[in-house]
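A.B. asks: Can you read through this structure? Questions will come right after.
Numbering (the working numbering), first residue to last: 1280 to 1604.
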C-alpha cells in the first residue's frame, strides 16, 4: 500500500514586523512582560495585498516549486483557517483561482490551530484511496484582523502568515505513519471568536461585542499541555514507538510556556523540538506548516527521520501525527 508523502513545503510571511516595543506604545505592556510570559519578540502583520488567500497562494507556489509541480497538477486543496476575508467562497477556492489550479476541488477546514493537521489527515485518507492524487494542504491566517488590539493579554500573542505542503502517494518507505485527532466542544468558551452579528434579530447574540479572539489563557494552558502530551503518547503507541525514536518534534507554536512545559513532560532534549514562536508569535493553523517549511529548508529533516507533529486549538481541537521523512 502506498503511503502519503510530503514532497514540497513552502511558507509566506507578511513584510511588516511588529515588535514588542511597538506594542508597548499601543497598550500597557513591555518587552520584558511579553518575553517572559510568551517568549515572543516579533510577529508579522499583514498589509494591503497580503490577505489570507494571498499569503496562502505564495506559500503554495513555493511548495509546488519544491515538488517540481505546476498548479494544474493539483487535484485538491485543503486549507485550514479561521480568518478568511469572506465567509463564502472558501479561502481554498480563492487560492485555487489565484494559483490557476484548474483541476482541483477546494475546501476550508475550521479547526482553529489544528486546521493544518486536520487537513493533512484528511489528505492522507484521500491518497490512501487514490495514491495518484496530488493535494495541497495549507494553514493560513490573518489573526491581526481578529485581534482585540486593546487587550494586552491577547494582542501580544498573535501574528499572520501561511504555510503549505504538497502531498501525494509513494511506494518508498516514507510518509505518514499514523495520526490521532481529538475534539471537545464542551470547552469552547475558553477559546473562541464570534462571527459577524446576525441579521436575523431572533438569532442575534445580546452579548455580542466584536468578532475577535477571546481566551481564558490560564485554563487553555492547562488543557493544551496535557492534551498534546496524551495525543503524542497515543500516536506513538499505535506505531510501537517511543519518544526517543523521534528525530524532530514540531509542535503548535502557541507560546514558550506551553512549549517548555510540553518538552519537560515528554522528557526530550530541547534541541529535538523546533521552536520559532519568538519570531512569528501564534499564527494558529499556520504555525505548524511554517515551522515545517523552515525546518525542511534548514536541513533539519533527513530522509528516514521520524517527525512528530502535535497541535492544540480552539474548539477544543488537538492531535498528533508521526511521519517518516
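Note that beta-carbon positions come from the ideal geometry of N, C-alpha and C, so glycine has one too.
All of these numbers come straight from a predicted model, not from anything done at the bench.
Tell me whether residue 1355, by its Cβ, gets closer than 6 Å to a heavy atom of the ligand MG.
C.D. replies: With respect to the ligand MG, the structure offers nothing, as it holds no ligand at all.
A.B. asks: So what's residue 1595 in DSSP terms, helix, strand or just coil?
C.D. replies: Coil at residue 1595, not helix or strand.
A.B. asks: List the whole-angstrom C-beta distance separating residue 1562 from residue 1422, where the pair is believed to meet the contact cut-off of C-beta under 8 Å.
C.D. replies: Correct: roughly 7 Å between the Cβ atoms.
A.B. asks: I'd like the span of the alpha helix (DSSP H) that includes residue 1522, first residue to last.
C.D. replies: Residue 1522 -> no alpha helix (DSSP H), and no H or E assigned at all.
A.B. asks: Report the three-state DSSP secondary structure of residue 1403 (helix, strand or coil).
C.D. replies: The answer is helix: DSSP assigns residue 1403 an H, G or I state.
A.B. asks: If contacts are defined as beta-carbon pairs under 8 Å, then residue 1385 and residue 1446 qualify, I think. What distance do you get, rounded to the angstrom?
C.D. replies: Incorrect: roughly 15 Å between the Cβ atoms, too far for contact.
A.B. asks: Is the beta carbon of residue 1442 less than 7 Å from the beta carbon of residue 1572?
C.D. replies: Going by C-beta atoms, residue 1442 is nearer than 7 Å to residue 1572.
A.B. asks: Between residue 1295 and residue 1559, how many whole angstroms is the CB-CB distance? I'm expecting something under 8 Å.
C.D. replies: Not a contact, Cβ separation roughly 12 Å.
A.B. asks: For residue 1545, collect the residues of the same chain with a Cβ closer than 8 Å to its Cβ; drop the 5 residues on either side in sequence, then sort them by chain order.
C.D. replies: Cβ within range, chain order: 1508, 1511, 1522 and 1528.
A.B. asks: I need the DSSP call for residue 1421, collapsed to helix, strand or coil.
C.D. replies: Here residue 1421 sits in strand by DSSP.
A.B. asks: Kindly provide the ranges of any beta strand (DSSP E) runs that are 3 or more residues long and lie completely inside the stretch 1421-1457, ordered along the chain.
C.D. replies: Here the runs fully enclosed are 1439-1449.
A.B. asks: Considering only residues of the same chain and omitting the five flanking positions on each side of residue 1345, which have a CB-CB separation below 7 Å?
C.D. replies: Cβ within range, chain order: 1287, 1288 and 1289.
A.B. asks: Is DSSP giving residue 1495 helix, strand or coil here?
C.D. replies: Here residue 1495 sits in coil by DSSP.
A.B. asks: Please name the residue in 1376, 1408 and 1461 whose C-alpha comes closest to that of residue 1391.
C.D. replies: That would be 1461, whose Cα lies nearest to the Cα of residue 1391.
A.B. asks: Distance, Cα to Cα, residue 1420 vs residue 1519?
C.D. replies: Approximately 35 Å between the Cα atoms of the pair.
A.B. asks: Considering only the alpha carbon of each residue, which of 1588, 1312 and 1285 lies closest to residue 1433?
C.D. replies: Measuring from the Cα of residue 1433, the nearest candidate turns out to be 1312.
A.B. asks: Identify, in the order they occur along the chain, each residue of the same chain with its Cβ nearer than 7 Å to the Cβ of residue 1487, setting aside the five sequence neighbours on each side.
C.D. replies: Correct list, in chain order: 1473 and 1476.
A.B. asks: Specify the secondary structure class of residue 1294 as computed by DSSP and reduced to three states.
C.D. replies: In this structure, residue 1294 counts as coil in the three-state DSSP scheme.
A.B. asks: Is it the case that the Cβ atoms of residue 1417 and residue 1358 are separated by a distance below 7 Å?
C.D. replies: Yes, Cβ-Cβ distance for residue 1417 and residue 1358 is below 7 Å.
A.B. asks: Assign residue 1429 to buried or exposed, taking buried as 16 or more other Cβ atoms, counted over all protein chains shown, within 10 Å of its Cβ.
C.D. replies: The residue in question, residue 1429, is exposed, as its Cβ has fewer than 16 Cβ neighbours within 10 Å.
A.B. asks: Give me whichever residues DSSP pairs with residue 1387 in a beta bridge.
C.D. replies: Paired residue(s): 1358.
A.B. asks: Measure the Cβ-Cβ separation of residue 1538 and residue 1525 and say whether it is below 7 Å.
C.D. replies: Cβ distance not < 7 Å, so residue 1538 and residue 1525 don't count as in contact.
A.B. asks: Return the first residue and the last residue of the beta strand (DSSP E) that residue 1485 is part of.
C.D. replies: Here residue 1485 belongs to no beta strand (DSSP E), and DSSP marks it neither H nor E.
A.B. asks: Please work out which residues of its chain come closer than 8 Å, Cβ to Cβ, to residue 1253, disregarding the five sequence neighbours upstream and downstream, and give them in chain order.
C.D. replies: Here the chain has residues from 1280 to 1604 only, and residue 1253 is not among them.
A.B. asks: How should residue 1464 be labelled, buried or exposed, when 16 other C-beta atoms within 10 angstroms of its C-beta is the threshold for buried?
C.D. replies: Its Cβ having fewer than 16 others within 10 Å, residue 1464 is exposed.
A.B. asks: With a 10 Å radius around its C-beta and 16 neighbouring C-beta atoms as the bar for buried, classify residue 1307 as buried or exposed.
C.D. replies: With fewer than 16 Cβ atoms within 10 Å of its Cβ, residue 1307 is classed as exposed.
A.B. asks: Report buried or exposed for residue 1577, applying the criterion of at least 16 other Cβ atoms within 10 angstroms of its Cβ.
C.D. replies: Flag for residue 1577 reads exposed.
A.B. asks: Can you tell me whether DSSP reads residue 1363 as helix, strand or coil?
C.D. replies: In the structure shown, residue 1363 sits in coil (DSSP, three-state: anything other than H, G, I, E or B).
A.B. asks: As a quick exercise: from 1356, 1457, 1535 and 1599, pick the residue whose alpha carbon is nearest that of residue 1382.
C.D. replies: Per the Cα distances, 1356.
A.B. asks: Return the chain-ordered list of same chain residues with a C-beta closer than 7 Å to the C-beta of residue 1541, the five sequence neighbours on each side being excluded.
C.D. replies: 1504, 1507, 1508 and 1530, listed in sequence order.
A.B. asks: Drop a sphere of 10 angstroms on the beta-carbon of residue 1597, count the other beta-carbons inside from all chains shown, and report buried for 16 or more, exposed for fewer.
C.D. replies: Buried, since its Cβ has 16 or more Cβ neighbours within 10 Å.
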